[in-house]
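**Q** Structure provided below as structure tokens; questions to follow.
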Amino acid sequence: MTKQIYDFSEGNMKMRNLLGGKGANLSEMTNMGLPVPHGFTVTTEACHEYQQTHQLSKHLLNDIDQAIQTLSQQTNKEFNGTSHPLLISVRSGAAISMPGMMDTILNIGLNDQTVVTIAELTHNERFAYDSYRRLLAMFGNVVYGISEASFDQVLTDTKNAHHYESDLDLTVADLKQIVSHFKNIYEISDKGVFPQDPKEQLLAAINAVFDSWNNHRAQIYRRENHISEELGTAVNIQEMVFGNYGENSGTGVAFTRNPSTGEAGLFGEYLLNAQGEDVVAGIRTPQPVATLKASMPDTYEQLLDIANKLETHYREMQDLEFTIEDGRLYLLQTRSGKRTPSAAVKIAVDLVGEGLIDQKTALLRLEPESISKMLHPEFDLHDLKQHNLLTTGLPASPGAASGQVYFTAEDAKRASDAGQKVVLMRSDTSPEDIEGMIVSQAIVTSRGGMTSHAAVVARGMAATGVVGAHELEVDYERKIAKVKGQIIREGDWVSVDGTSGNLYSGMVKTRDATIKGELSAFLNWAKQNSKMGVYTNADTPKDFQKALDFDADGIGLTRTEHMFFKPERLLQMRRLILAEDLQGRKDPLAKLLRMQQGDFYELYKLAGDKEVTIRLLDPPLHEFLPHDEKEIQAVSKQTGISPELLRDRINSLKESNPMLGHRGDRLAVTFPDIYEMQVQAIMNAVIRLAGEGITVQPHIMIPLTDSQAEMAWVRDLVTKQIKQSSNEKSIKVQYTVGTMMEMPRACMTADAIAESSDFFSFGTNDLTQLTFGYSRDDVGSFMPKYIEYGILPADPFQTIDVEGVGELMKIAIEKGRKTKNDLPIGVCGEVGGDPKSIEFFEEIGITYVSCSPYRVPVARLAAAQAHIRHLARQKAVKQPVQPELVSFFVD
């Protein structure tokens, strides 16, 4: 029979898939000799078994009994004992951290008898009944599904009746009355009574934790963070230690580095006379952990020493949960801390500088997508002066965001679905708010600290966050918030600065962020550790400049058709298309020539010595023509062509399926003067720059090729025009003419096509359309269901379809390089900036990817990670891969 329970002394940090992250790290700390309360872990395999049967097996029940007996011996306490009762906590723990998404129950083992015993043993009746009321509330909510608000209302009513400011003001008599009220809530809830048998409490809690793997908020979190549904959760059962024991006790969360900024040094918060949930829930505002240095200097030094040991041991920033019971320090958890993307970069760079990790390890520690979140805009300082500062809270997660205020997760989700930008504003958040938090531009709370639920989740999602804005009073019933006499109503615009903690009225303008400091160094490492080049898709100097700011290697795709949609150009394009013969096309072609050569000149000049690949006209001509009667009348006036003739011409160009029709290089065959004009414009720009002392090697791409004969014909057209322009100006120009691989037939005949092509560039958008038979403009009607039902793992227009489209790419690469061994091969479709796709492109030998400007840094990091992992896999064939590197592959 498989072992399903491990004592903390039996596990280690490498067993996270079996013991969950929390259990594995509790075992690791135990074996390091750190002060961890005794306990054991029920494995994720037990969870998998439970998910199948929805009950705990007899074998597991027997093992739990034995483990509890061992725990009793280790602690010199007895579960349900009459003299020295053992109280335990039951906590979830998945292999990948999911803060607050699954369930925890503390103080199990308390009942009407043991609460009296503990009160007598500790001479602390208040502590005993405070712990009992916590158990009743947590158990009722987690196990029986009784609304948390039901218990909270009793607390609120009691405090209001006595004008108490906090839970700490509750007397023993108050707490006993609250316990009685809580029991009544059970009785009127149709759930039955609170179980007095500690074993019944324990088993119900284990069931609840296993069930919580599939609760709604956990599913949402896994979907948002791409965590496998198959992992399951472990359950950690541990001797309770009490931060609510008195004024010499407390509980807190500490990070070995600041999770918002990445600055080195112990950072965190704690609450005196509290249990761990109080800190995370944000109900009370904690104190900075640094203040422990004055109140409990020995404890602070011990915590600091442990923090340093753990960071050095794990070679990673750690997030610690600790409890102080009557002056004695205990560790309840360590894990890699959630942090903002900017903090993640700084921490990675600093750890390299400190010699704890190398550059490759640092590069593997950051999700490529998180880089894009670092490039979100900042508030424009001039416009900021025009807006009122409403209040200031704690800067939980940096960034600048504006949105319309909503006070519940449900309302925020509804508004976001309707297309609004949303700011979620609450007193505090709970895991149940996850859907509203995901869709929000920013999260603001009036309570809580830097380690509260709102702060942790905002940092994990890279959302702008401000917490603990105490001047803010949220009124959920009236859907308003008050601050300094001002009222913020639902739907009002506010702007949130997560770097300063400031909250402003209205919508503040933003400006683009720049790459600097540690991020610049980090991306330089990525470039040094990449094999694939990272180019950009750019049609204008503005887009290209932004890509160059992000250190793009050049332009992999310029869509020339995008240059024709400005009003004055669109008119000439329409005149060209509507012309009845070659003579009628001459004038609009001459005008377009002047415009295009200016476009190309600007791009080439900006590029310097970097490559610019220009794709000749691709879309069907009908896209440039008017589509409705109003446009037809306007074009008629502009061109002098009667509306009737316009309609006839439009109808003559109409196609049943234009994306499979008269487009791409088919236009070159039927309208060769259009392609000749574009090549002449390219050459005019090249010649002009040559006169300025700048040498340009043009790269010209032919779209939609499906045969060697077709490619040879169009190439001949292009090269003749290049030679004609070169001869006229007595200038030698080196150039390449390649093809866009978009047709399945082209992939299958790539060896022949390569004879007439200097490079390939996969247009994965069209290749995906033609492989699946999907129209990318219409997949929205069915694609979400295909993904929901698991028919497709992902949208193939966003992440490459490895089995189908990917196989065609592999065939094309193999055949193309059989003809030309060093054939450059790129990808310039939508998936060119997708990290998962880039991993595949590394394996099949893609030379470069090309993506939108803002995806360049993302693609750069993804390319580096793909190459590092590729080299590691190659090395693994010869010798085992280092354990640390393997762990990052899993994560």
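Plus 665 on top of the position in the sequence shown (first one is 1) and you've got this note's numbering.
From the three backbone atoms N, C-alpha and C, an ideal C-beta is built for every residue, glycine too.
Following the continuous beta strand (DSSP E) through Val1014, name the residue where it begins and the one where it ends.
**A** Taking the sequence shown and counting its residues from 1, one reaches residue 1014 at position 349. No beta strand (DSSP E) contains Val1014, which is instead part of the alpha helix (DSSP H) from Pro1006 to Gly1018.
**Q** Alpha carbons only, please: which of Val1088, Phe1209, Ile733 and Asp1140 is nearest the one belonging to Ser1170?
**A** In the sequence shown, the residue the question calls residue 1170 occupies position 505. Closest option to Ser1170, Cα to Cα, is Val1088.
**Q** Who are Asn1430's beta bridge partners in DSSP?
**A** Against the sequence shown, residue 1430 aligns to sequence position 765. For Asn1430, which the question treats as bridged, DSSP gives no partner whatsoever.
**Q** Tell me whether Phe1265 sits in a helix, a strand or coil according to DSSP, three-state version.
**A** Walking along the sequence shown from the start, residue 1265 turns up at place 600. In this structure, Phe1265 counts as helix in the three-state DSSP scheme.
**Q** Just to confirm before moving on: does the CB-CB distance between Ser1515 and Thr1201 stay below 8 Å?
**A** On the sequence shown, residue 1515 is found 850 positions in, with the first residue counted as 1. On the sequence shown, residue 1201 is found 536 positions in, with the first residue counted as 1. The answer is yes: Cβ separation under 8 Å.
**Q** Taking a contact to mean a Cβ-Cβ separation below 8 Å, would you say Thr964 touches Gln983 in this structure?
**A** Stepping through the sequence shown from its first residue, residue 964 is reached at position 299. Stepping through the sequence shown from its first residue, residue 983 is reached at position 318. Cβ atoms of Thr964 and Gln983: not closer than 8 Å.
**Q** Which of the three DSSP states is assigned to Glu1138 in this structure?
**A** Numbered from its first residue, the sequence shown carries residue 1138 at position 473. Strand.
**Q** What ranges does the alpha helix (DSSP H) occupy inside the stretch 762-842, keeping only unbroken runs of at least 4 residues that lie completely in it?
**A** Counting whole runs of 4 or more residues, the stretch 762-842 contains the alpha helix (DSSP H) stretches 779-787, 790-807 and 813-827.
**Q** Pick helix, strand or coil for Cys1493, following the three-state DSSP scheme.
**A** Numbered from 1 along the sequence shown, position 828 holds the residue referred to as residue 1493. The answer is coil: DSSP assigns Cys1493 none of H, G, I, E or B.
**Q** When DSSP builds the beta bridges, which residues end up paired with Trp878?
**A** Indexing the sequence shown from 1 puts residue 878 at position 213. The partner list for Trp878 (beta bridge, DSSP) is empty, contrary to what the question assumes.
**Q** Exposed or buried, which one is Lys1003 when buried takes at least 16 other CB atoms within 10 Å?
**A** The count along the sequence shown starts at 1 and reaches residue 1003 at position 338. Under this definition Lys1003 is a buried residue.
**Q** When the Cα of Thr1429 is compared with those of Gln1463, Thr1304 and Gln1530, which residue comes out closest?
**A** Counted from its first residue, the sequence shown places residue 1429 at position 764. It is Gln1463 whose Cα lies nearest to the Cα of Thr1429.
**Q** Threshold first: 3 residues or longer. Then list the beta strand (DSSP E) segments lying entirely within the stretch 966-995, N to C.
**A** Complete beta strand (DSSP E) runs here, min 3: 983-990.
**Q** Give a yes or no on whether the C-beta atoms belonging to Val1277 and Gly1219 are separated by under 8 Å.
**A** Within the sequence shown, the letter at position 612 stands for residue 1277. Within the sequence shown, the letter at position 554 stands for residue 1219. Yes, these two residues count as a Cβ contact at 8 Å.
**Q** In this structure, does DSSP put Arg1538 in helix, strand or coil?
**A** Mapped onto the sequence shown, residue 1538 falls at position 873. Three-state DSSP puts Arg1538 in a helix.
**Q** State the start and end residues of the unbroken beta strand (DSSP E) segment that holds Val1562.
**A** What is shown of the chain runs 666 to 1556, which leaves residue 1562 out entirely.
**Q** Spatial neighbours of Gln1539 within its chain, please: CB distance less than 6 Å, with the 5 preceding and 5 following residues excluded, ordered by chain position.
**A** The residue you call residue 1539 lines up with position 874 of the sequence shown. If we look at Gln1539 and ignore the five residues flanking it on each side, it has no Cβ neighbours.
**Q** In angstroms with no decimal places, state the Cα-to-Cα distance between Val1104 and Ser1081.
**A** The residue given as residue 1104 occupies position 439 in the sequence shown. The residue given as residue 1081 occupies position 416 in the sequence shown. Looking at the two C-alpha atoms, the distance is approximately 6 Å.
**Q** Could you please give me the residues that DSSP links to Val1351 through a beta bridge?
**A** Here residue 1351 corresponds to residue number 686 of the sequence shown, with the count starting at 1. Bridge partners of Val1351: none, in fact.
**Q** Out of Met678, Val707, Lys687 and Thr695, which one is the CA nearest neighbour of Gln669?
**A** Working through the sequence shown from its first residue, we reach residue 669 at position 4. The shortest C-alpha separation from Gln669 is found at Val707.
**Q** So does the stretch 854-862 actually touch the stretch 801-809, counting three or more Cβ pairs closer than 8 Å?
**A** Yes, the stretch 854-862 touches the stretch 801-809.
**Q** Going by beta carbon distance, what residues of the same chain come within less than 6 Å of Glu1142, once the five residues before and after it are set aside?
**A** Walking along the sequence shown from the start, residue 1142 turns up at place 477. Taken in chain order, the list of residues that qualify is empty.
**Q** Please go through the stretch 1091-1133 and give each complete beta strand (DSSP E) segment of 3 or more residues, from N-terminal end onward.
**A** Whole beta strand (DSSP E) segments, 3+ residues: 1107-1110 and 1129-1132.
**Q** Pull up the DSSP beta-bridge partners for Thr706, would you.
**A** In the sequence shown, the residue the question calls residue 706 occupies position 41. DSSP, once it has assigned bridges, lists Tyr671 and Asn901 as partnering Thr706.
**Q** Please work out which residues of its chain come closer than 7 Å, Cβ to Cβ, to Val1139, disregarding the five sequence neighbours upstream and downstream, and give them in chain order.
**A** Your numbering for residue 1139 matches position 474 in the sequence shown. Around Val1139: Phe1072, Met1090, Arg1091, Ser1092, Ser1111 and Ala1146.
**Q** Helix, strand or coil for Val918 per DSSP?
**A** Within the sequence shown, residue 918 is the residue found at index 253, counting from 1. It is a strand residue.
**Q** Quick check on the DSSP output: the alpha helix (DSSP H) that includes Lys1078 runs from which residue to which?
**A** Counting from one through the sequence shown, the residue named residue 1078 turns up at place 413. Start and end: Ala1074 to Asp1082.
**Q** From Thr988 to Leu684, what distance separates their C-alpha atoms?
**A** Residue 988 sits at position 323 when you count from the first residue of the sequence shown. Residue 684 sits at position 19 when you count from the first residue of the sequence shown. Each residue's alpha carbon lies about 22 Å from the other.
**Q** Following the continuous beta strand (DSSP E) through Val1199, name the residue where it begins and the one where it ends.
**A** If you number the sequence shown from 1, residue 1199 lands on position 534. Per DSSP, Val1199 belongs to the beta strand (DSSP E) from Gly1198 to Asn1202.
**Q** Quick check on the DSSP output: the beta strand (DSSP E) that includes Tyr1169 runs from which residue to which?
**A** As a position in the sequence shown, residue 1169 is number 504, starting the count at 1. From DSSP, the beta strand (DSSP E) with Tyr1169 extends over Asn1167 to Ser1170.
**Q** To the nearest angstrom, how far is it from the Cα of Gly1481 to the Cα of Glu928?
**A** As a first step, residue 1481 must be located in the sequence shown, where it is residue number 816. As a first step, residue 928 must be located in the sequence shown, where it is residue number 263. Cα to Cα, Gly1481 sits roughly 50 Å from Glu928.
**Q** By the 10 Å Cβ neighbour count, where 16 or more other Cβ atoms means buried, how is Lys1050 classified, buried or exposed?
**A** In the sequence shown, counting from the first residue as 1, residue 1050 sits at position 385. It is exposed - the Cβ of Lys1050 has fewer than 16 other Cβ atoms within 10 Å.
**Q** In terms of residues, what are the limits of the alpha helix (DSSP H) holding Leu1473?
**A** Against the sequence shown, residue 1473 aligns to sequence position 808. First-last of the alpha helix (DSSP H) with Leu1473: Val1470 to Thr1484.
**Q** Whole angstroms is fine: what's the gap from Tyr671's alpha carbon to Phe705's?
**A** Counting from one through the sequence shown, the residue named residue 671 turns up at place 6. Counting from one through the sequence shown, the residue named residue 705 turns up at place 40. About 6 Å.
**Q** Along the chain, which unbroken stretches of the alpha helix (DSSP H) at least 4 residues long are found entirely within the stretch 1404-1464?
**A** If we require 4 residues or more, the alpha helix (DSSP H) runs fully inside the stretch 1404-1464 come out as 1409-1413, 1415-1418, 1429-1437 and 1448-1453.
**Q** Are the beta-carbon atoms of Gly758 and Asn973 separated by less than 8 Å?
**A** As a working note, residue 758 is residue 93 in the sequence shown. As a working note, residue 973 is residue 308 in the sequence shown. For Gly758 and Asn973, no; Cβs fall outside 8 Å.
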